[in-house]
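Q: Have a look at this one.
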Amino acid sequence: MEEGGSADAAPAVQRRRLELTVEVPTGSGLGALRQAVLGWGEANRRDLPWRATRDPWHVLVSEVMLQQTQVSRVLGPYRRFIERFSTPAACAAARVADVVVAWEGLGYNRRAVYLHRTAGVLVERHGGRVPVDLTALVSLPGVGAYTARAVLSFAFEVDTGVVDTNVARLLSRAVAGHPLGAVSSQKLADSLVPAGRAWAFNQSLFDIGARHCVARHPDCHGCPLRRRCRWAAAGWPPPDPAAASAGTARPQSRFAGSDREGRGRLVTALRRRSIAATELARASGWAGEPERARQIADELVRDGLARWGSAGLLELA
Ligand code: SF4
């Protein structure tokens, strides 16, 4: 997935109102829509390494990496990570520091800690395997409802819809023709999945959203759903249905000068060597703000990414 903003980000009142309006396609219209998606996908789906496997652990790793990170940035780290930690047991047996080092290039390093914890839970409670169960999946550290459904669909072919940013946008425009709340989007996505074809259908829908039904200036003329799209059939009346739909925005706080930037710099430095308290400010890129740098270091320790070693040096956990 190219996972985007949380569908839970919409105001509660608006979301409740939107839930009432979902309309599920049926009959020949539904069949034609499914066929259009599947047919386009057969010829056009992107060839990505996590699409060449059904290994549940590998799928889970890819989905965690794709949270908030572009596909192009995930390709290299995914291959390296899977080579090094090919099973939950291999990941659980490693030190957190090794997993954080393998996470290099992805950012949001806390995900590496969660993935390591998840590997531990899989070994301790699930016999080293990824469970085929939504409730068990969402109880894993760092695994939300989206990621759990993606694993069910892409590793186990469970007939469930998978609604990422691109799919939420496409559903509101093409199928509903009006804004959708999070629950409506999921319900609609579930109803569209052809029995036994969840993998192909959901992956194809991702790519139609990413390639054609983009946020600004959708490419409707090249879109395989053009003839079945409600918003297009109505002549694209404003406002864009996707604009007020849940899960379609990808809120990005400013990175330059943020604590996230300093955290990233500090973790990058820690991948190379341990750091003395007096060096924190320089390693964080905040030479004039030692207190801020210290707070960031304390956060890394609280998050399980780093620890103070016996020599008084900060090091990866
Ligand atoms: S026709 Fe346009 S708006 Fe409709 S699904 Fe395709 S790209 Fe999106």
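Mapping of the sequence shown onto my numbering: position 188 corresponds to residue 188, and the numbering continues sequentially without gaps.
Quick reminder that beta carbons are idealized off the backbone N, C-alpha and C, glycines included.
Out of A189, R95, F156 and K187, which one is the CA nearest neighbour of V132?
A: When each option's Cα is compared against that of V132, the closest is F156.
Q: State whether the stretch 306–316 contacts the stretch 267–282, with contact taken as three or more CB pairs (one from each stretch) at a distance under 8 Å.
A: Cβ pair count under 8 Å is three or more, so yes.
Q: Verify whether the separation of the beta carbon atoms of A119 and R169 is less than 8 Å.
A: No, Cβ-Cβ distance for A119 and R169 is not below 8 Å.
Q: Output the boundary residues of the beta strand (DSSP E) element that contains L313.
A: Here the beta strand (DSSP E) through L313 covers L313 to L316.
Q: Decide yes or no for the touch test of the stretch 45–63 against the stretch 120–140: beta carbon pairs closer than 8 Å, at least 3 of them.
A: At 8 Å Cβ cutoff, the stretches touch.
Q: Looking at V24: is its Cβ nearer than 8 Å to the Cβ of F201?
A: It is not a contact, given that the beta carbons lie outside the stated cut-off.
Q: So, at 6 Å on beta carbons, what are the nonlocal neighbours of C220 in its own chain, with the 5 sequence-adjacent residues on each side left out?
A: Within the same chain, C220 has close Cβ partners R226 and A232.
Q: Would you kindly work out how many angstroms separate the C-alpha atoms of T135 and A92, rounded to a whole number?
A: Roughly 21 Å separates the two Cα atoms.
Q: Going by DSSP, what residue range makes up the beta strand (DSSP E) through A306?
A: Per DSSP, A306 belongs to the beta strand (DSSP E) from A306 to W308.
Q: Measuring only the C-alpha atoms, how far is P224 from L48?
A: Those two C-alpha atoms are separated by around 21 Å.
Q: Going by beta-carbon coordinates alone, are R292 and W286 separated by less than 8 Å?
A: Yes, Cβ-Cβ distance for R292 and W286 is below 8 Å.
Q: Could you tell me how far apart the beta carbons of R254 and A32 are, in whole angstroms, since I believe they sit closer than 8 Å?
A: With a Cβ gap of about 44 Å, R254 and A32 do not count as contacting.
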